[in-house]
Structures are given as structure tokens and as C-alpha cells.
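To start, the structure under review is shown below, and the notes come after it.
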Amino acid sequence: MQIHHQQITKNKNNTKPFVGCSFSFCTNFIKLSNDRISKFIFNNTTTTKIKRVISTKSEPPKCPAIGLFPPLSENTNYIPISGKQLCWEIKQLINNTELAIIRLEQLNTQSNLFKEINESIENIGEENVLVKQFVLQVKELFELAKKIEKIIPSFFEEICSDCPQVDEVESSEQLLSKNFTKLLNATIRFDSLKITTPILQNAFSLFRRMCLLKNLGNIYTLNAPLSDQIVLFLSRPSPLFTAIVNSAGHFIGRQRSRELATSHLSEALIVIYNVVKKMLQRLCNNQQQEDYSNTDYHKEFLIRSLMGILLLSDHIDRNFGGIFIPSRSPFDIADFIDIVKLRTSSVEAKKTLATLRFMSRHFSDSEIPAYIRKMFEIN
Numbered sequence: 021m022q023i024h025h026q027q028i029t030k031n032k033n034n035t036k037p038f039v040g041c042s043f044s045f046c047t048n049f050i051k052l053s054n055d056r057i058s059k060f061i062f063n064n065t066t067t068t069k070i071k072r073v074i075s076t077k078s079e080p081p082k083c084p085a086i087g088l089f090p091p092l093s094e095n096t097n098y099i100p101i102s103g104k105q106l107c108w109e110i111k112q113l114i115n116n117t118e119l120a121i122i123r124l125e126q127l128n129t130q131s132n133l134f135k136e137i138n139e140s141i142e143n144i145g146e147e148n149v150l151v152k153q154f155v156l157q158v159k160e161l162f163e164l165a166k167k168i169e170k171i172i173p174s175f176f177e178e179i180c181s182d183c184p185q186v187d188e189v190e191s192s193e194q195l196l197s198k199n200f201t202k203l204l205n206a207t208i209r210f211d212s213l214k215i216t217t218p219i220l221q222n223a224f225s226l227f228r229r230m231c232l233l234k235n236l237g238n239i240y241t242l243n244a245p246l247s248d249q250i251v252l253f254l255s256r257p258s259p260l261f262t263a264i265v266n267s268a269g270h271f272i273g274r275q276r277s278r279e280l281a282t283s284h285l286s287e288a289l290i291v292i293y294n295v296v297k298k299m300l301q302r303l304c305n306n307q308q309q310e311d312y313s314n315t316d317y318h319k320e321f322l323i324r325s326l327m328g329i330l331l332l333s334d335h336i337d338r339n340f341g342g343i344f345i346p347s348r349s350p351f352d353i354a355d356f357i358d359i360v361k362l363r364t365s366s367v368e369a370k371k372t373l374a375t376l377r378f379m380s381r382h383f384s385d386s387e388i389p390a391y392i393r394k395m396f397e398i399n
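So, in C-alpha cells, the structure goes:
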């Protein structure tokens with residue numbers, strides 16, 4: 021039996037026709053939901069454990085709407101990529117995001133950075149290695165966000181397009197979805213850590229102000245217009261996750277019917293969400309097995325992945341209340357909250373739910389039922 025979706029775009033420039041979440045994607049991806057799916061997801065996990073970087077604030081301030089922050093590039097005429105190239109590009113995004121997390125953790129230990137910036141600007145003839153390294157790393161972070169906005173629309177097109185031929189295993193929707201989940205997970209980890217690392221934004225703002233006072237037009241390969249863009253980029257509460265949201269906006273915006281494109285993208289995200297949820301259930305039911313020796317890390321990864329999919333779905337949902345109104349949303353937010361409370365400690369549950377509230381788009385909407393808000397409270 022085949023499922024036919026309404027075609028909402030024409031086949032232009034040899035791009036794949038958009039037909040919604042393809043039936044082959046749903047069936048093939050669900051086939052992966054067997055006893056070996058956790059190995060498939062975690063087979064490339066590095067041996068070094070990544071520190072937990074969920075925000076330690078249980079009651080964070082309200083996050084400004086991501087819609088207030090425009091895309092870093094127009095990206096209206098991007099050339100879609102697929103297959104091995106797309107898979108490789110997403111892997112590079114994952115590696116660069118993991119590197120950005122490590123650098124941000126190290127930044128917390130550089131208490132003398134502000135002093136070094138002042139001395140670097142005062143003695144412009146002498147190159148300050150610490151300041152130069154910091155400025156170039158911030159520039160790389162900005163370029164990473166721009167690349168996310170450029171690459172990820174192709175992933176959305178891949179999972180929402182008719183795929184009659186699969187270009188080897190590297191181009192399958194399963195592998196692409198696996199890598200996207202890892203990227204989504206890493207961006208949330210970075211943004212959660214960025215919330216508790218004000219030195220990132222403060223130090224670069226100081227560097228920019230000092231350059232303006234000294235009338236320095238170009239220092240460390242950074243000119244004034246680019247510095248202004250980076251300052252605005254760092255002012256975002258969740259800069260890398262915002263890039264993924266903007267990627268979804270790029271993809272939806274180039275379709276003829278935004279409503280239908282949003283519906284089909286949500287449909288694809290639901291498939292990924294259900295598979296990850298099933299993985300979490302099996303992981304928790306097999307904690308005593310040898311293959312699940314690193315259960316805590318894997319559990320944290322899966323719960324954060326579920327949260328990331330919910331957040332992305334909430335930001336592309338134009339309805340009031342978003343995912344927080346059960347009667348309108350295809351996602352069961354109450355079920356996710358129960359999973360968080362049941363599968364994690366009270367401290368971790370507070371951090372996770374606080375992050376969900378802070379990074380969401382619709383949590384402050386008045387239409388959200390009172391009992392849903394009540395569920396976010398942990399005594």
C-alpha cells in the first residue's frame with residue numbers, strides 16, 4: 021500500500037519534489053527500532069564523557085522569542101545537497117559543535133581574559149595569543165551558526181521528499197536522522213552552557229568597544245561590520261538552536277504552501293520523536309545488560325534529544341500554545357514531562373524542564389491549560 025501526499029512544489033533545478041514525510045522514511049526508520057538501535061545511534065560515541073551542561077538555573081528568565089532574531093543569511097537560493105555530501109556536512113557540524121562546547125567550558129577558567137583584552141588593545145603592536153585565540157574562536161562559532169542555516173534545510177528537504185532511489189547507506193534517511201538528532205542534542209548542550217557562561221558575550225563586547233575607542237578598523241581579521249554582527253549573534257539566548265529554527269524557516273519559506281510544508285515537517289519530526297522515545301524505553305528496561313554500561317549518558321542523550329525535537333516543533337508551530345496544548349498538538353507534552361520526572365533525578369528534572377520552558381516559543385501563551393503549567397512544578 022502506498023501513501024500519496026499532495027505535491028506542493030515543482031521539480032526545479034533538479035531538486036526533489038516536496039511530497040511531505042515520505043512513506044519510505046517512516047517505514048524504514050521504524051524498522052531500525054529493534055534491539056540494536058541503541059548501538060546504531062551510539063556506535064560513534066567518543067569514549068570521553070561530556071560533562072553535563074544543562075543550565076543549573078531552575079528558574080531561568082523568560083527567553084525572548086527566537087522570531088525576533090533574523091537569519092544570519094537570506095539563504096533563499098541555496099542549492100540543496102543530498103547523499104554522502106549531506107551526511108558528511110552534518111557530521112562536520114556535529115564535530116564543530118562538540119569542539120565549541122569544549123572551548124566554552126575552558127573559557128570559564130580564563131578569569132584574566134578581560135585584563136588580557138585591555139592590555140592587547142593598549143599594546144596593539146604586540147600580538148596577544150590569548151585574545152587572538154578567543155576572537156578567532158568566537159568568529160568560528162559565528163561561522164558555524166551560518167553553516168547550520170545553510171546545510172540543515174537540505175536535511176529537511178531530504179526527509180520530506182520522495183526518495184525513489186537511495187544513494188547507498190550513507191544517504192538513507194535513517195543515518196541522516198541519526199546525525200541530525202546528534203546535532204540537535206549538541207546545540208542544546210552548547211546553548212544551555214552558554215546561559216551560564218556570561219564571559220563569552222561580555223568579553224567579546226569589551227573587545228569590540230575597545231576597538232571602537234581606539235579606532236581600530238581591522239584587528240585579528242575582524243572588521244567592524246562583522247564584529248557588530250557577532251555581537252548581535254551572541255546576544256541571542258540560544259544562538260545555535262536559533263540557527264536550526266531559522267533553517268526550518270528557510271525550508272518552509274521556499275515551499276508554495278507554508279502550512280502544508282509545516283505539517284509535513286512536523287510529521288517527520290514525530291516519526292523521529294517516537295523512535296527516540298522507544299529507544300529510551302528499551303534502554304531503561306535493559307539497564308542490567310552489559311551493552312548498557314553507560315546508561316546514564318545514553319539516557320541523558322535521549323531525553324535531551326526528545327526535548328530538542330519538542331522545542332523545534334514548538335517553534336515551527338504557528339498556533340497559539342504550540343506543543344503545550346494537548347488538543348492541538350500531535351506531541352504529548354504531558355507524557356514527556358512524566359518521562360523526565362520518572363527517568364531522572366529531581367535535580368536533573370528541574371534543569372530539563374527549566375530549559376524546555378526557557379527555550380520554547382509558546383510557553384508564555386495564555387491559552388496553555390493550567391494543569392500543564394502545574395506539571396512543570398517540581399517540589
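The opening position of the sequence shown corresponds to residue 21 in this note's numbering, with each subsequent residue numbered one higher.
C-beta: ideal position from N, C-alpha, C; glycine also.
*Along the alpha helix (DSSP H) that carries Q157, what are the first and last residues, could you check?*
Mapped onto the sequence shown, residue 157 falls at position 137. Note, Q157: alpha helix (DSSP H), 149-179.
_Quick check on N132: does DSSP put it in helix, strand or coil?_
Your numbering for residue 132 matches position 112 in the sequence shown. Three-state DSSP puts N132 in coil, outside helix and strand.
*State the start and end residues of the unbroken alpha helix (DSSP H) segment that holds P259.*
Sequence index remark: in the sequence shown, residue 259 carries index 239 (1-based). That run of the alpha helix (DSSP H) goes 259-273.
_Residues of its chain near R123, where Cβ-Cβ distance is below 6 Å and the 5 sequence neighbours each way are ignored_ = In the sequence shown, the residue the question calls residue 123 occupies position 103. The residues are Q157.
*If we count the other Cβ atoms within 10 Å of its Cβ and call it buried at 16 or more, is Y293 buried or exposed?*
Along the sequence shown, one-based indexing puts residue 293 at 273. Buried, by the Cβ-count rule.
*asked:* Between which residues of its own chain and V155 is the CB-CB distance below 7 Å, once the five residues before and five after are set aside?
replied: Sequence index remark: in the sequence shown, residue 155 carries index 135 (1-based). Hits under 7 Å: F227, Y240, L242.
_Given this structure, state the Cα-to-Cα distance separating C41 from A223, to the nearest angstrom._
Here residue 41 corresponds to residue number 21 of the sequence shown, with the count starting at 1. Here residue 223 corresponds to residue number 203 of the sequence shown, with the count starting at 1. Residue placement at C41 is flagged as unreliable, the pLDDT there being 46, under the threshold of 50; the coordinate-derived value follows with that caveat. The straight-line gap from Cα to Cα measures roughly 44 Å.
_Secondary structure of I388, DSSP reduced to three states_ = Within the sequence shown, numbered from 1, the residue matching residue 388 stands at position 368. The answer is coil: DSSP assigns I388 none of H, G, I, E or B.
*asked:* What does the alpha-carbon distance come out to for the pair S347 and F162?
replied: In the sequence shown, the residue the question calls residue 347 occupies position 327. In the sequence shown, the residue the question calls residue 162 occupies position 142. Spanning the two alpha carbons is a distance of roughly 39 Å.
_Determine whether the beta carbon atoms of E160 and N148 lie at a separation below 8 Å._
Numbered from 1 along the sequence shown, position 140 holds the residue referred to as residue 160. Numbered from 1 along the sequence shown, position 128 holds the residue referred to as residue 148. Cβ distance not < 8 Å, so E160 and N148 don't count as in contact.
_If you reduce the DSSP assignment to three classes, tell me which class S283 lands in._
To locate residue 283, count along the sequence shown from 1; it is residue 263. Three-state DSSP puts S283 in a helix.
*Distance CB(P350)-CB(I388) smaller than 8 Å*: As a position in the sequence shown, residue 350 is number 330, starting the count at 1. As a position in the sequence shown, residue 388 is number 368, starting the count at 1. Contact: no.
_Tell me which residues share the same chain as I392 and place their Cβ nearer than 6 Å to its Cβ, disregarding the 5 neighbours each side in the sequence._
As a first step, residue 392 is located in the sequence shown; it is residue number 372 there, counting from the start. Excluding residues within five positions, the ones whose Cβ falls inside 6 Å are F344.
_So, with DSSP's three-state summary, where would you put R101?_
One-based indexing of the sequence shown puts residue 101 at position 81. The question names Arg, yet the displayed sequence has Ile at residue 101. Coil.
*So, using beta-carbon positions, are R324 and N205 closer together than 8 Å?*
For this step, residue 324 is matched to residue 304 along the sequence shown. For this step, residue 205 is matched to residue 185 along the sequence shown. Result yes, Cβ atoms of R324 and N205 sit closer than 8 Å.
*Cα-Cα separation between L220 and L203, rounded to whole angstroms*: By one-based count along the sequence shown, residue 220 stands at place 200. By one-based count along the sequence shown, residue 203 stands at place 183. About 21 Å.
*K319 to L303, Cα distance in whole Å?*
Mapped onto the sequence shown, residue 319 falls at position 299. Mapped onto the sequence shown, residue 303 falls at position 283. K319 and L303: Cα-Cα distance of roughly 7 Å.
*Using the beta-carbon count (16 or more within 10 Å), is P173 buried or exposed?*
For this step, residue 173 is matched to residue 153 along the sequence shown. Looking at its Cβ environment, which holds 16 or more other Cβ atoms inside 10 Å, P173 is buried.
*By Cβ distance below 7 Å, which residues in the same chain neighbour S333 in space, the five residues on each side in sequence not counted?*
Mapped onto the sequence shown, residue 333 falls at position 313. Excluding sequence neighbours, S333 sits near S286, L289, I343, F351.
*When you compare each of H382, L331, E397 to D358 by their alpha carbons, which one comes out closest?*
Numbered from its first residue, the sequence shown carries residue 358 at position 338. D358 has its Cα closest to that of E397, out of H382, L331, E397.
*Excluding the five sequence neighbours on either side, which residues of its own chain have a C-beta within less than 7 Å of the C-beta of K4, listed in chain order?*
The question about residue 4 has no answer here: the residues shown for the chain are numbered 21 through 399.
*Report the three-state DSSP secondary structure of G341 (helix, strand or coil).*
As a position in the sequence shown, residue 341 is number 321, starting the count at 1. Of the three classes helix, strand and coil, the one that applies to G341 here is coil, per DSSP.
*Using three-state DSSP, classify E397 as helix, strand or coil.*
For this step, residue 397 is matched to residue 377 along the sequence shown. E397: coil per DSSP, three-state reduction.
*Buried or exposed for R401, please, with buried defined as at least 16 other CB atoms from any protein chain shown within 10 angstroms of its CB.*
Nothing can be reported for residue 401, as the shown portion of the chain is limited to 21 through 399.
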